[in-house]
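Below is one structure; the comments refer to it alone.
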Amino acid sequence: MRPAHRQDGDTSMSTQQMGERWGITASAPPINPAEVETGDTAVEVVVMWGESVLLVEHVSPPRDVMIEQVGDVSEPFPAVVERGGRLFCVVPAGATGSVKVSGETRTFAELSEEGKLTPFDGLAGASLYPLPDGASAQVEHAGLSVIVRPTYAGKTVAAGAPVVWRRYAWVGVSVGVHALLLLAFYFMPPHTSALSLDTISPTDRMVEYLDVAPETVPDEPVSFEQEPAEESEGEAGQAHEGEPGDSGREDAPQTNRRFAIQGNDRTPQMARENLRENMAEQGAIGAVAAFMGTWNVPTSPYGADQASGYDAFNAIGELMGDVQGDSFGRHGLGMLGTGHGAGGTGQGTYGVGRLGTIGSCGQGEDCGHGNGTGRYGRGIGGLGPRRTRPEVNARSTGATVMGGLSREAIRRVVQRNLSQVRFCYEQGL
192 MRPAHRQDGD TSMSTQQMGE RWGITASAPP INPAEVETGD TAVEVVVMWG ESVLLVEHVS
252 PPRDVMIEQV GDVSEPFPAV VERGGRLFCV VPAGATGSVK VSGETRTFAE LSEEGKLTPF
312 DGLAGASLYP LPDGASAQVE HAGLSVIVRP TYAGKTVAAG APVVWRRYAW VGVSVGVHAL
372 LLLAFYFMPP HTSALSLDTI SPTDRMVEYL DVAPETVPDE PVSFEQEPAE ESEGEAGQAH
432 EGEPGDSGRE DAPQTNRRFA IQGNDRTPQM ARENLRENMA EQGAIGAVAA FMGTWNVPTS
492 PYGADQASGY DAFNAIGELM GDVQGDSFGR HGLGMLGTGH GAGGTGQGTY GVGRLGTIGS
552 CGQGEDCGHG NGTGRYGRGI GGLGPRRTRP EVNARSTGAT VMGGLSREAI RRVVQRNLSQ
612 VRFCYEQGL
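Read left to right, the sequence shown gives residues 192 to 620 (this note's numbering).
Take a look at the structure:
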């Protein structure tokens, strides 16, 4: 495309067309009109507003063409009329324009002076100009440019060659056969092997030979057996070391009251020494040194440095009683009566194992449970031999793994139960 400049004396262009115009230039020889046109006459009417084309009409056979409801047209007016087989261009009153015939352009004013325009009784003040073959008239009226040109009717383009269905008969037959085969495959029941729920295949029996783990050397078992510890010999029925006595206060009456230790400690314990006795037997220095002892509380050689308890006051009474308070004392550590009774190590004393009662010593010089010959119940007691439990030994050995699961099998099981894992996870949240 290139711009087309307006040439001097060319009145076929609108007065609004100024400057450069762009159009399509021919790049090949013109087409023979006989190839696209017929011999029938026609008229071409083009309505333009400036450079914009508003209407294009090809009328065949030629007849009257009215311009209405286009642009600023207030009243319809004819663009071309047909009289006696000839075409006349209508020039309304006040309209301007030109006619181009055989490459020569003449205005309507010039044609009116030459007397080539005739009055038109169909429109007040309008004139008619007969259009010869090959002429082109352009009328500018009411802001519109109307181009009228006699021409020949164009040939009708054929819709297409008729379809020869005989050529496509075999195509239809092939489509039908393939459709029947697909339907047969769809409705054909599966093979009986596909309905089997048994997942064992003939190749499964070879898995244990194909997937064999390397043989591992077992580790030496570790024995946890321990040598029996040597036990010292002892005298059967040994009494507690020391003389049994009573719990109480010597200068208090017999009142059946129990002892008490003042304090707020929930774990009571007696003191080993009594502060009153120390102060009575020792001087001032001894009293200060024994200050860590306890005043007016029960004592025990197996007690702590300082007594502690959870009672409201201190009292030296019996081991058991109705209320707290001082008492003369009874029910000490002995072989008879209430209390904890005798017992202990019995170091340096003789027991009652040789008195001929139940639990006496057995045969032999040594008595008691130990490395000696004495045994429980053998001899005078008459009890049967002591039953021993079998020793339990724990040992660890190496684990032997034969075969294993592939990563694909593990991933398949995880994917299959992924919804359950997600549900449990959401319930946990």
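Cβ atoms here follow ideal geometry from the backbone N, Cα and C, with glycine treated the same way.
This structure is a prediction, so every number in the text was calculated from the model and none was measured.
Which residues share a DSSP beta bridge with residue i?
{"i": "Gly288", "result": "Val330"}
{"i": "Asp502", "result": "Gln453"}
{"i": "Thr625", "result": "Residue 625 lies beyond the range of the chain shown here (192 to 620); nothing can be said about it."}
{"i": "Gly306", "result": "Bridge partners of Gly306: none, in fact."}
{"i": "Leu246", "result": "Val238"}
{"i": "Ser336", "result": "Met239 and Glu331"}
{"i": "Ile222", "result": "Paired residue(s): none; Ile222 is not in a bridge."}
{"i": "Met257", "result": "Pro269"}
{"i": "Gly345", "result": "Glu228"}
{"i": "Ser251", "result": "DSSP, once it has assigned bridges, lists no residue as partnering Ser251."}
{"i": "Phe311", "result": "Ala317"}
{"i": "Ala495", "result": "Ala462"}
{"i": "Arg274", "result": "Arg277"}
{"i": "Val514", "result": "Arg448"}
{"i": "Glu509", "result": "Arg449"}
Among the options, which has the Cα closest to the Cα of residue i?
{"i": "Arg277", "options": "Ser336, Pro321 and Leu308", "result": "Pro321"}
{"i": "Phe450", "options": "Glu406, Asp502, Pro492 and Glu411", "result": "Asp502"}
{"i": "Ala462", "options": "Thr347, Gly500, Pro353 and Ile215", "result": "Gly500"}
{"i": "Thr287", "options": "Ile338, Glu259, Glu235 and Thr446", "result": "Ile338"}
{"i": "Asn584", "options": "Glu305, Pro412 and Ser365", "result": "Pro412"}
{"i": "Asp324", "options": "Arg340, Pro310, Leu335 and Glu331", "result": "Arg340"}
{"i": "Ala233", "options": "Ala333, Thr342 and Ala317", "result": "Thr342"}
{"i": "Gly494", "options": "Val514, Ile452 and Asp517", "result": "Ile452"}
{"i": "Gln260", "options": "Gly512, Asn487 and Ala333", "result": "Ala333"}
{"i": "Pro283", "options": "Ala498, Asp231, Ser336 and Arg586", "result": "Ser336"}
{"i": "Gln515", "options": "Gln460, Glu582 and Thr446", "result": "Thr446"}
{"i": "Glu331", "options": "Ile601, Asp231, Ala498 and Cys280", "result": "Cys280"}
{"i": "Glu226", "options": "Arg358, Val271 and Gly345", "result": "Gly345"}
{"i": "Asp442", "options": "Leu314, Asp456, Asn455 and Asn487", "result": "Asn487"}
{"i": "Asn455", "options": "Leu371, Phe504, Arg448 and Ala217", "result": "Phe504"}
{"i": "Gly294", "options": "Leu319, Thr490 and Ser327", "result": "Ser327"}
{"i": "Gly230", "options": "Thr347, Ala217 and Asp255", "result": "Thr347"}
{"i": "Pro267", "options": "Arg297, Gly313, Thr296 and Arg613", "result": "Gly313"}
Where residue i and residue j are concerned, what is the direct C-alpha to C-alpha distance, given to the nearest angstrom?
{"i": "Val362", "j": "Val355", "result": "13 Å"}
{"i": "Ala458", "j": "Ile507", "result": "The sequence given here places Thr at residue 458; Ala does not occur at that position. If I take the Cα positions, the gap works out to 18 Å."}
{"i": "Gln611", "j": "Ser597", "result": "22 Å"}
{"i": "Glu228", "j": "Pro220", "result": "17 Å"}
{"i": "Val653", "j": "Val237", "result": "Since the first residue shown for the chain is 192 and the last is 620, residue 653 is missing from the structure and cannot be characterised."}
{"i": "Val290", "j": "Gly275", "result": "21 Å"}
{"i": "Pro224", "j": "Val292", "result": "19 Å"}
{"i": "Ala300", "j": "Ala352", "result": "53 Å"}
{"i": "Met483", "j": "Phe519", "result": "In this prediction, Met483 scores a pLDDT of 42, lower than 50, which makes its location untrustworthy; no coordinate-derived value is stated."}
{"i": "Ser365", "j": "Ala375", "result": "16 Å"}
{"i": "Pro253", "j": "Gln329", "result": "18 Å"}
{"i": "Ile258", "j": "Phe311", "result": "16 Å"}
{"i": "Thr588", "j": "Val408", "result": "10 Å"}
{"i": "Glu235", "j": "Leu308", "result": "21 Å"}
{"i": "His560", "j": "Gly512", "result": "Any reading at His560 needs caution, since the residue's pLDDT is 43, under 50, leaving its predicted position unreliable; the model's value is listed next. Distance between the alpha carbons of His560 and Gly512: 38 Å."}
{"i": "Arg603", "j": "Cys615", "result": "19 Å"}
{"i": "Gly367", "j": "Arg607", "result": "42 Å"}
{"i": "Ser303", "j": "Ala317", "result": "12 Å"}
{"i": "Leu373", "j": "Ala600", "result": "35 Å"}
{"i": "Met379", "j": "His369", "result": "15 Å"}
{"i": "Val271", "j": "Ala315", "result": "15 Å"}
{"i": "Pro269", "j": "Leu245", "result": "16 Å"}
{"i": "Tyr591", "j": "Glu617", "result": "Sequence check: residue 591 is Thr here, not Tyr. Near 38 Å, if we compare the C-alpha coordinates of Glu617 and Thr591."}
{"i": "Arg440", "j": "Ser491", "result": "14 Å"}
{"i": "Arg586", "j": "Asp410", "result": "11 Å"}
{"i": "Tyr359", "j": "Thr216", "result": "45 Å"}
{"i": "Val256", "j": "Ser218", "result": "35 Å"}
{"i": "Glu248", "j": "Arg357", "result": "42 Å"}
Looking at the secondary structure, which residues open and close the alpha helix (DSSP H) in which residue i lies?
{"i": "Gly363", "result": "Ala360 to Phe378"}
{"i": "Glu617", "result": "Leu609 to Gly619"}
Tell me which residue opens and which closes the beta strand (DSSP E) that residue i is part of.
{"i": "Arg630", "result": "Shown here, the chain extends from 192 to 620; a query on residue 630 therefore has no answer."}
{"i": "Glu235", "result": "Glu228 to Trp240"}
{"i": "Glu266", "result": "Looking at the DSSP string, Glu266 is not in any beta strand (DSSP E), and its letter there is neither H nor E."}
{"i": "Leu278", "result": "Arg277 to Val282"}
{"i": "Leu319", "result": "Ala317 to Pro321"}
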